[in-house]
């Protein structure tokens, strides 16, 4: 019921396998529109179904896009004179940013011309504009940013949220993160019954702050109707592990865990390069092991997991790393494409509505099989 | 003045280069007394100044110690019939644990027979007993656990605290962590003017929770008198970086960051082993690069940084990983030895007293040069 009502408001892939439209903010990233257009070309090449609405400086974009044969006839360029800088304050952008490519990119999702938006720009500004223009889903108190985390699980990644949309989260927010994260896991990682864990400083039930115990009870009670398995408290070491698929935490903790993990992986990678550069023998060994080392690099390459997704809004927005190159932008676009095509937004809205109904005591659990 | 008064209460290395006594809880670890005694032998072998008071099952310890020639005449075995299990609740151990090896190990520090205690046991119980028996330093609200973190800095490690003594910390607690952490950096890492940073979700001054801004102001104001350099907010990615030596955070966030970092390093290590096991060519390459790979492994080996130190008590307690092997136990003992020998405990007490005086508006800054 909720699902049907919502599906009218979001563009979906036509049943005949037609195109999926992604709205792209081409101006926000550290590397400018060249990297963004290169990333668009990379994903267009891999995916015949994809089309773009591209926002930014028209003359520049026209020139860059004309150079890419694979993009011919697949881009709708929309001129936006303003650019959101990395240093701009979110509140200022929300007040004065209506002429920017970021604003326009979100607008294409709001008007349902595009199935999802992608931006490499300023995270705070992108969240502020997304909340301002798309508005929160009914019943969502704090939207969240979800990221993918390399893991030992068969799917290769775990999902963690919130990684920085909001610096705090109460127990009911954490419950919503569990519902939204498991919906994302079903649609983004094809997991039928995602395993959800709540990040804490120990796995025993008595551990952690009072709001953690309350959240633990709320999430456990919602698991069956929410179509996920709740594994209870998990620790930092479980983020890359195989015991859980979705890790729920507040945005302060999640952001610090994300950056600690990235920093540690980078340090180990640097130490490895130094180790192999150490002697002629080890340089020769590195040459021999080239294929293996490249495979390793690919497995831990942060560009492959590029794309934080904003959850809890009326529309899908994917935040790419500011420093993303063509490969990174392409990964973020692929994620946006996959979510737009699967009708994720409608399913998420239905899932959140159901969660609210359950919290409010209304029995809609009998319908749970129909929503993913 | 404070320094002189305090120095009477703590055993120090005699001026003639005599022995330093470490109190060891031999029973608590996952691997039992065999690994602990092996670790004692390893550090005794490297360090002629070290002597031990060893707590646990007398018959078992006597047998194990007699097998190690290097330990002959250097161990004082004290029988303790009780063992604290990893699953024991801290509150129970505090009530009923007086016959345990952990309790006795702390007692040797309290009575000033030993300069520091080392245990591989249950962290929560060890902290509870340490607080109960050693008591908090005057003016310390929440003690902290500080850990070493592999980094790009010349000293090879950064210090992070609190990593799990308490799940919360107010702004004045974070100030004390800054004072205690920089004192540890001076005595444990030989840094004259440690750089201190406060862990947050961004480096801009407006970022983070309200208590972070207050702590930011407090720590900045205390830097000169506290003999450290304050670099302001740092992010998760700075933990293994070279911009800061001491990272201050609450125990909830610190514990999750620590375990996330450990888990990520472990994952990358596993991926690396899998990459090299992939083909005959890469196996051959691994053989050639053996020396380099071993050097790398040593650099990221968590056993080398084994030893969380409890700060803010009347005595030095080092917590070793529960799963520590001989190398890990030896690293923890080395840390305890270094701190006991440097008279760290007195200096820390003086530093905290000074911080309290500064907070209270008393001017003791003229003496700051004398305390490290």
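Residue numbers (this note's numbering), protein chains in the order written: chain A, 7 to 378; chain B, 7 to 378.
For every residue, glycine included, the Cβ atom is placed at its ideal position computed from N, Cα and C.
Simplified DSSP state of residue 358 (chain A), which is helix, strand or coil | DSSP places residue 358 (chain A) within a helical segment (H, G or I) once states are collapsed to three.
Sequence-distant residues of its chain with Cβ nearer than 8 Å to residue 158 (chain A) (five each side left out) = Excluding positions up to five away in sequence, the list reads 246, 247 and 248.
Neighbourhood of residue 258 (chain B) by C-beta distance below 6 Å, restricted to the same chain and skipping five residues each side = Closer than 6 Å at Cβ, skipping near neighbours: 173.
Amino acids of chain B, ordered along the chain, whose beta-carbon sits closer than 8 Å to that of residue 215 (chain A) | Here the neighbours are 173, 174 and 258.
Is the beta carbon of residue 271 (chain A) less than 8 Å from the beta carbon of residue 270 (chain B)?
-> Cβ atoms of residue 271 (chain A) and residue 270 (chain B): closer than 8 Å.
Residue 253 (chain A) to residue 231 (chain B) span [Cα, whole Å] | Between residue 253 (chain A) and residue 231 (chain B), the C-alpha separation is close to 42 Å.
Residues of chain B with a CB under 9 Å from the CB of residue 325 (chain A): which are they?
-> By Cβ distance, chain B contributes nothing, its closest Cβ being about 15 Å from residue 325 (chain A), past 9 Å.
Spell out whether any CB of chain A is found under 8 Å from the CB atom of residue 83 (chain B).
-> The beta carbon of residue 83 (chain B) does not come within 8 Å of any beta carbon belonging to chain A, so the residue lies off that interface.
Proximity test, Cβ basis, 8 Å: residue 232 (chain B) and chain A = In terms of beta-carbon proximity, residue 232 (chain B) stays away from the interface with chain A, with every pair separated by 8 Å or more.
Are the segment 62-74 of chain B and the segment 144-164 of chain B touching, with three or more C-beta to C-beta distances below 8 Å?
-> Taking 8 Å as the limit for Cβ pairs, the verdict is that the segment 144-164 of chain B does not touch the segment 62-74 of chain B.
How about residue 177 (chain A) and residue 220 (chain A): do their beta carbons lie closer than 8 Å?
-> Yes; because the gap between Cβ atoms is below 8 Å, this pair is in contact.
Residues within the segment 144-155 of chain B neighbouring chain A, beta-carbon criterion of under 8 Å = Of all residues in the segment 144-155 of chain B, none has a Cβ within less than 8 Å of some Cβ in chain A.
Apart from the five residues on each side of it in sequence, which residues of its chain come closer than 8 Å, Cβ to Cβ, to residue 207 (chain B)?
-> 213, 214 and 241.
Where the beta strand (DSSP E) through residue 69 (chain B) begins and ends | Careful: residue 69 (chain B) lies outside any beta strand (DSSP E), inside the alpha helix (DSSP H) at 64-72.
Can you pull the chain A residues whose beta carbon is under 7 Å from the beta carbon of residue 262 (chain B), in chain order?
-> What residue 262 (chain B) touches in chain A: 205, 207, 242, 259 and 263.
Nearest-angstrom Cα distance between residue 135 (chain A) and residue 130 (chain B)?
-> Rounded to the nearest whole angstrom, the C-alpha separation of residue 135 (chain A) and residue 130 (chain B) is 45 Å.
Limits of the beta strand (DSSP E) - the one that residue 98 (chain B) falls within = Taken as a continuous stretch (DSSP letters only), residue 98 (chain B) belongs to no beta strand (DSSP E), being part of the alpha helix (DSSP H) at 96-102.
Per-residue DSSP class, three states only, for residue 382 (chain B) = What is shown of chain B runs 7 to 378, which leaves residue 382 (chain B) out entirely.
Cα-Cα, which of B:235, B:44, B:239 and B:34 is closest to residue 333 (chain B)?
-> Measuring from the Cα of residue 333 (chain B), the nearest candidate turns out to be B:44.
Is DSSP giving residue 316 (chain B) helix, strand or coil here?
-> Residue 316 (chain B): strand per DSSP, three-state reduction.
List the residues of chain B that residue 170 (chain A) touches, going by C-beta distances under 8 Å, in chain order.
-> The answer, in chain order, is 207.
Give the DSSP-derived three-state secondary structure of residue 273 (chain A) in the structure shown.
-> Here DSSP, grouped into helix, strand and coil, assigns residue 273 (chain A) to helix.
Look at residue 267 (chain B) and residue 155 (chain B) and say whether their C-beta atoms are less than 8 Å apart.
-> Judged by their CB atoms, residue 267 (chain B) and residue 155 (chain B) are nearer to each other than the 8 Å cut-off.
First and last residue of the alpha helix (DSSP H) that includes residue 179 (chain A)?
-> Start and end: 177-194.
Can you have a look at residue 98 (chain B) and say buried or exposed, based on whether 16 or more other CB atoms are within 10 angstroms of its CB?
-> Answer is exposed; the Cβ neighbour count stays below 16.
Identify which residue in B:71, B:87 and B:202 has its Cα closest to the Cα of residue 238 (chain B).
-> Looking at the Cα atoms, B:202 is the closest of the given residues.
Element boundaries [alpha helix (DSSP H), containing residue 44 (chain A)] | Segment 38-52, the alpha helix (DSSP H) holding residue 44 (chain A).
Between residue 151 (chain B) and residue 168 (chain B), which are expected to be in contact by the criterion C-beta below 8 Å, what is the C-beta distance as a whole number of angstroms?
-> Rounded to whole angstroms, the Cβ separation of residue 151 (chain B) and residue 168 (chain B) is 6 Å, and the two are in contact under 8 Å.
Residue 42 (chain A): which of A:61, A:53, A:25 and A:54 sits nearest, CA to CA?
-> Checked all of A:61, A:53, A:25 and A:54; the closest Cα to residue 42 (chain A) is A:61.
Starting from the C-beta of residue 226 (chain A), find all residues in its chain whose C-beta is less than 7 Å away, skip the five residues before and the five after it, and write them out in chain order.
-> The answer, listed in chain order, is 236.
Assign residue 39 (chain B) to buried or exposed, taking buried as 16 or more other Cβ atoms, counted over all protein chains shown, within 10 Å of its Cβ.
-> With 16 or more other Cβ atoms within 10 Å, it is buried.
Would you list the residues sitting across from residue 235 (chain A) in a DSSP beta bridge?
-> Paired residues: A:201.
Spatial neighbours of residue 289 (chain A) in its chain, beta-carbon cut-off 8 Å, leaving aside the 5 residues before and after = The beta carbon of residue 289 (chain A) sits closer than 8 Å to the beta carbons of 282 and 283 from its chain, once the five residues preceding and following it are set aside; these are given in chain order.
is_contact[residue 250 (chain B), chain A] using C-beta, thresh 8 Å = Output row for residue 250 (chain B): interface = no.
Alpha helix (DSSP H) containing residue 207 (chain A): first to last residue?
-> Where residue 207 (chain A) is concerned, there is no enclosing alpha helix (DSSP H), because DSSP gives it neither an H nor an E.
Does the distance from the C-beta atom of residue 322 (chain A) to that of residue 122 (chain A) stay below 8 Å?
-> Taking 8 Å as the Cβ cut-off, residue 322 (chain A) and residue 122 (chain A) qualify as a contacting pair.
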